[in-house]
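Chemist: With the first letter of the sequence shown counted as 1, position 202 gets the number 373 in this note's numbering; the numbers rise by one all the way through.
I am attaching a structure below and will ask some questions about it afterwards.
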Amino acid sequence: MSNSADAKRGIDHLVLPVSDLDVARQSYERLGFTCTPDAYHPFGTKNFLVQLQGSFLEILAVHDRGIFPAPGPEDFSFPRFNDGFLARNGEGFSMLVMDSNDPGTDRADFMDAGLNVHAPFSFGRVAVLPDGTQANVGFELTFVTDTGMPDCGFFTCHQVHPPELFWKPDYQRHANTARSIKTVVLAGEDWRDHVTFLEGFTGTQAEISSDHARFRTLRGDVVAGTPVFSAGIFCMQPPAYETLRFLGYEIQIADFHSARDGL
172 MSNSADAKRG IDHLVLPVSD LDVARQSYER LGFTCTPDAY HPFGTKNFLV QLQGSFLEIL
232 AVHDRGIFPA PGPEDFSFPR FNDGFLARNG EGFSMLVMDS NDPGTDRADF MDAGLNVHAP
292 FSFGRVAVLP DGTQANVGFE LTFVTDTGMP DCGFFTCHQV HPPELFWKPD YQRHANTARS
352 IKTVVLAGED WRDHVTFLEG FTGTQAEISS DHARFRTLRG DVVAGTPVFS AGIFCMQPPA
412 YETLRFLGYE IQIADFHSAR DGL
């Protein structure tokens, strides 16, 4: 059995593409989440965040396809991937992101694990702080892909700015008492085919059962299983997923009654 203390990485954030950012904001606020102001990427997408304790949800929309960069042969195009995801699937859950202390170490680890590693990517943007002032924040991303999961994106995210410019207690207080990302859930009949990739990406050894595998990271678990098993976590009908893809996620809350009463 693996232990999260032996893991190399924790869940950093989830990318959740939507067609209309304003409509999505209204939905998240109705659920009791505090949302950050909108932010704009220099490559044609925009987002708002739901900051939790050490992790966050990135609700993403396309802003301007005209400034999508033309990808090189080794590049992974974040805006084109999410635009394509929306076109193929509609709104949903497109990418799992792990935290990073050093992109160089991530690349070396991923290459040692035999993963398909793309060219380094970094960018900066303006963040609006709770008092209305602005700060420049920067990120270094390391993308990896598994061709057997065409609708799943994976990367690590290293923040190159002082943490206090990004993480804000005012943004981390939620009426529904949300605290952290507890579990990320994938479903697919071929889940066993992707265990090695997910071990390499999360940096932890899988706990494998007959119908699923669990990866205990430094911050939250990742579970990949059959459609029946994974759908059971959410008490829903199993999806008809042949290839592994993201099904959903669980958020840990501090007070069930406060969360329920706010709905």
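Positions of the beta carbon are idealized from the N, C-alpha and C atoms, including for glycine.
Between the stretch 177-187 and the stretch 303-320, do at least 3 Cβ pairs fall closer than 8 Å?
Modeler: These segments do not touch.
Chemist: Roughly how many whole angstroms lie between the Cα atoms of residue 397 and residue 188?
Modeler: Position 226 of the sequence shown, counted from the first residue, corresponds to residue 397. Position 17 of the sequence shown, counted from the first residue, corresponds to residue 188. Whole-angstrom Cα-Cα distance: 24 Å.
Chemist: Is DSSP giving residue 343 helix, strand or coil here?
Modeler: Translated into the one-based positions of the sequence shown, residue 343 becomes position 172. Residue 343 falls in the helix class under three-state DSSP.
Chemist: Just verifying my parser: in three-state terms, what is the DSSP assignment at residue 250?
Modeler: Working through the sequence shown from its first residue, we reach residue 250 at position 79. Looking at residue 250 - three-state DSSP - the assignment turns out to be helix.
Chemist: Express the C-alpha separation of residue 226 and residue 336 in angstroms, rounding to a whole number.
Modeler: To locate residue 336, count along the sequence shown from 1; it is residue 165. To locate residue 226, count along the sequence shown from 1; it is residue 55. Straight-line Cα distance between these residues: approximately 15 Å.
Chemist: Of the choices 269, 194, 345, whose alpha-carbon is the least far from that of residue 429?
Modeler: As a position in the sequence shown, residue 429 is number 258, starting the count at 1. The shortest Cα separation from residue 429 among 269, 194, 345 belongs to 345.
Chemist: Got a sec, what are the start and stop residues for the alpha helix (DSSP H) residue 282 sits in?
Modeler: As a working note, residue 282 is residue 111 in the sequence shown. Looking at the DSSP string, the run of the alpha helix (DSSP H) that includes residue 282 is 274-283.
Chemist: Give the DSSP-derived three-state secondary structure of residue 411 in the structure shown.
Modeler: Residue numbering aside, residue 411 sits at position 240 when the sequence shown is read from its first letter. Coil at residue 411, not helix or strand.
Chemist: Just verifying my parser: in three-state terms, what is the DSSP assignment at residue 348?
Modeler: Within the sequence shown, the letter at position 177 stands for residue 348. Residue state, collapsed to three classes: coil.
Chemist: DSSP puts residue 287 in a beta bridge; with which residues?
Modeler: Numbered from its first residue, the sequence shown carries residue 287 at position 116. 316, per the DSSP bridge assignment.
Chemist: Assuming the contact rule is C-beta atoms closer than 8 Å, residue 281 and residue 371 should be a hit. Round their C-beta distance to whole Å, please.
Modeler: Translated into the one-based positions of the sequence shown, residue 281 becomes position 110. Translated into the one-based positions of the sequence shown, residue 371 becomes position 200. With a Cβ gap of about 6 Å, residue 281 and residue 371 count as contacting.
Chemist: Measuring CA to CA, which of 252, 260, 235 is closest to residue 242?
Modeler: As a position in the sequence shown, residue 242 is number 71, starting the count at 1. Among 252, 260, 235, the Cα nearest to that of residue 242 is on 252.
Chemist: Name the two residues that bound the continuous alpha helix (DSSP H) containing residue 376.
Modeler: Working through the sequence shown from its first residue, we reach residue 376 at position 205. Premise fails: residue 376 is in no alpha helix (DSSP H) and is neither H nor E.
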